[in-house]
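Notes for the one structure printed next.
Protein chains in written order, with my numbering: chain A, -11 to 452; chain B, 663 to 1066.
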């Protein structure tokens, strides 16, 4: 009797503490060799974020996340990143050097304070930022993440590119190097390449006037197709596997989708009448020139008036090269909001072309992205590489959103979790999402099992 | 004395761990627990207030009291799909209890009162685990108070009915995607009603059959406290202090039982429980302020389950009775709507029991229940959160019954 009780008591105490064990996911390298991973690309791969290259942004780049996850499948050694020294970092806005942005309060021309991106250090001098970006760290290399903000595909092949682009110059192992010459310093067994966005983004972010779209045809360094092929070949000097990513439809990123086309709100009939009277001469002239263009105003929201150099007018009437924007056309995030609110932009004065992506420019961008992606798919196939369909994922994010671990990712500015305060580059959480897409594609292609990363361990845009 | 004991139990009660299908906890009598949690066709004395009020009318004794509790030690392990990421719950031990008293007021009529805890769930994940945007921790508790009356139609047939007053508390926390330390905490109480009906029939001296219906009870939280920890800049959109309404259904049960006295010493009990989980279709939260932004409708899509049970009782001698049993409790969850707030897996259970009677009137009832939640990969598709879960629970219990 007593024995039985003690047997039961023993059984009870012995079993209590058992934690169920799971061992479902066993990382394997499959058909790939991940011993030495190297990544190349542009600002997206560098971890540029919030309008600048800064240390924690670089730590959270999708390339750094992939490198961390590859440790489970045989990657060895450091994954060396050319870190910026500071957390405020350095970015390029126009011709000016700036720090990163963060969410804060700014006061507009009407004295209204609102939540918006502000510089982390608005008082940083050009000189100190130039020192930060100009400090050479090439000797501390070689680096595994050789991504260069601003680089187009042809730039990677350009000898001495570091003298033109300080984001490369700072970590170049030799002044006369092209970026592709860095590959042999590492001799990667596996590479990733996400390049080509800037070949069309520069055109788009300048409203179609500040830069050209890289042509498909042309020799390496000039044409997109030959340049892309050449860069991959540099990798294949040592690598036995790799992954490339295509170009998302850049016109669906927040930089192009945040500012509405019709922010001119008229609440009084007197305003409407005054504007209509003001544009009567324009409308009369257009009628005379047998152009269908008219500028009209009504109560409520009105489309902005924009400059459009493509409008045909007789000599002497160049001032009339303007029209109202259509709903399909895009206003860039770079437009000075105060100029709309207080400077009469869009109503009394046409918005300069550099802040608008017109329908024609949008089509040019879409065509370029489509033809680049054909090239990238062709290279991936010819070299038997994994391919990330970034274009497809961007479409999903901008059409209803992508959900992961309870986080909704969309192309909404700040609230969409995917894009940082500059509206172009990824948040840390967005980088984790992209890293998982890369890992999915690698695993599928190479029959490997690289573990994915939980996105909830990374931050989206932080609010004050 | 009894009264103060009731109150101390009420205040001592901790959350019930997730131990069975959904958040039902059937540990409402230690004799029954030892026999695979069967009880519908057993004449259990006052414990029949829960298992089958019909059996109460055929209670052998004039007065019967029964009190007991179990300690649930539960463990859950999670591995995220496509990764080596693992998380474990740190569930506090929870202690469902019961307290019954019944007495014959005439040859035909028996009355009784039961206080018990048939539903509950608690899961405590780390605050920053990978599923924290779905749930960090949750605790559901329900205490049922059931006055009961039973009527003996003849020596073989009895019926009984109980009115149920259910008091529930719910508390849950989840993080929000505004960075570390941000999140929402909801806390509320409910008071609702239900009923418990049973028929008990002994066609022969050796055979008993029972049917028991316990109605669903909707735990309706009205005006619960919602606390949102969000960045200061959006507190005008998401107020830090808010009120919420939500309803969590506790499903109805229809139980069929059969017991057979195979020999003078051996009793066999068979049972089938129909648990009407399909009532739990959607969990909706409505908020008093910023409702258009905060209200949510969360699909759960539970399905009815059928639980087969088998139990044995072996009377070793006048002083010692041994029990054993087992059952299979299928998960009521949909594999694409499996939320880590209620990790309910297909579960295999084994039970052991032992009663010792130091005197003719007093019985000390020990029980032990071990649950194995079978490993399964599940996802909560509305939030795209998937992984493999495995669970285990170890539940010792002790009770005392006294009759005269």
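Just so it is clear, CB atoms sit at the ideal spot from N, CA and C, and this is done for glycine as well.
- At a beta-carbon threshold of 9 Å, the residues of chain B lying near residue 9/A are 739 and 1052, ordered along the chain.
- For chain A, the residues of the stretch 787 to 819 of chain B that bring a beta carbon within less than 9 Å of one of its beta carbons are 790, 791, 792, 793, 794, 795 and 796, in chain order.
- The Cβ of residue 330/A sits no closer than 8 Å to any Cβ of chain B.
- Residue-level contact check: residue 1006/B does not touch chain A, since none of the beta carbons of chain A fall below 8 Å from its beta carbon.
- The C-beta distance from residue 716/B to residue 822/B rounds to 5 Å, short enough to fall under 8 Å.
- Around the beta-carbon of residue 101/A, fewer than 16 other beta-carbon atoms lie within 10 Å, marking it exposed.
- Here residue 107/A carries a strand assignment [DSSP, helix/strand/coil].
- Between residue 305/A and residue 230/A, the alpha-carbon positions lie close to 56 Å from each other.
- If you look at residue 261/A, you'll find it in the alpha helix (DSSP H) that goes 257 to 266.
- A distance below 8 Å separates the beta carbons of residue 33/A and residue 135/A.
- Within a 10 Å sphere around the beta-carbon of residue 424/A sit 16 or more other beta-carbons, which makes this residue buried.
- Residue 448/A belongs to the set of residues whose beta carbon lies under 8 Å from a beta carbon in chain B.
- Distances from the CA of residue 91/A to each of 408/A, 121/A, 219/A and 174/A were compared; the closest alpha carbon is that of 408/A.
- Membership of residue 805/B in the beta strand (DSSP E) is indicated by the continuous run 799 to 816.
- In the structure shown, residue 221/A adopts helical secondary structure according to DSSP, grouped into three states.
- 8 Å or more divides the Cβ of residue 1040/B from the Cβ of residue 739/B.
- For residue 746/B, the closest Cβ of chain A is nearer than 8 Å.
- Within chain B, the residues 741 and 1050 have their CB atoms less than 7 Å from the CB of residue 12/A, given in chain order.
- Under the three-state reduction of DSSP output, residue 1000/B falls in the coil class, being neither helix nor strand.
- By the criterion of a C-beta distance shorter than 6 Å, residue 742/B is surrounded in its chain by 792 and 1049, once the five residues flanking it on both sides are discounted.
- Burial check for residue 81/A: the Cβ neighbour count within 10 Å stays below 16, so the residue is exposed.
- If you draw a 10 Å sphere on the C-beta of residue 955/B, you find fewer than 16 other C-beta atoms in it, and that means exposed.
- By the criterion of a C-beta distance shorter than 7 Å, residue 439/A is surrounded in its chain by 13, 15, 57 and 60, once the five residues flanking it on both sides are discounted.
- For the pair of segments examined, the stretch 956 to 973 of chain B was found to touch the stretch 993 to 1007 of chain B: the number of CB pairs separated by less than 8 Å reaches three.
- Contacts between residue 841/B and chain A, judged by CB atoms closer than 7 Å, involve 447 and 450 in chain order.
- By the C-beta density criterion, residue 302/A is exposed, having fewer than 16 other C-beta atoms within 10 angstroms.
- Residue 132/A and residue 71/A do not touch by the CB rule: their CB atoms are close to 12 Å apart, not below 8 Å.
- For residue 273/A and residue 282/A, the gap between their C-alpha atoms comes out near 10 Å.
- Residue-level contact check: residue 382/A does not touch chain B, since none of the beta carbons of chain B fall below 8 Å from its beta carbon.
- Around the beta-carbon of residue 332/A, fewer than 16 other beta-carbon atoms lie within 10 Å, marking it exposed.
- If the five residues before and after residue 923/B are omitted, its C-beta is found closer than 6 Å to the C-beta atoms of 868 and 929, all from its own chain and listed in chain order.
- Listed along the chain, the chain B residues whose CB falls inside 7 Å of the CB of residue 103/A are 895.
- Not a single C-beta of chain B is nearer than 8 Å to the C-beta of residue 226/A.
- Apart from the 5 residues on each side of it in sequence, residue 64/A sits with its Cβ closer than 7 Å to the Cβ of 23 in its chain, given in chain order.
- Annotation for residue 821/B: the continuous beta strand (DSSP E) segment containing it runs 819 to 837.
- In the structure shown, the three-state DSSP call for residue 277/A is coil.
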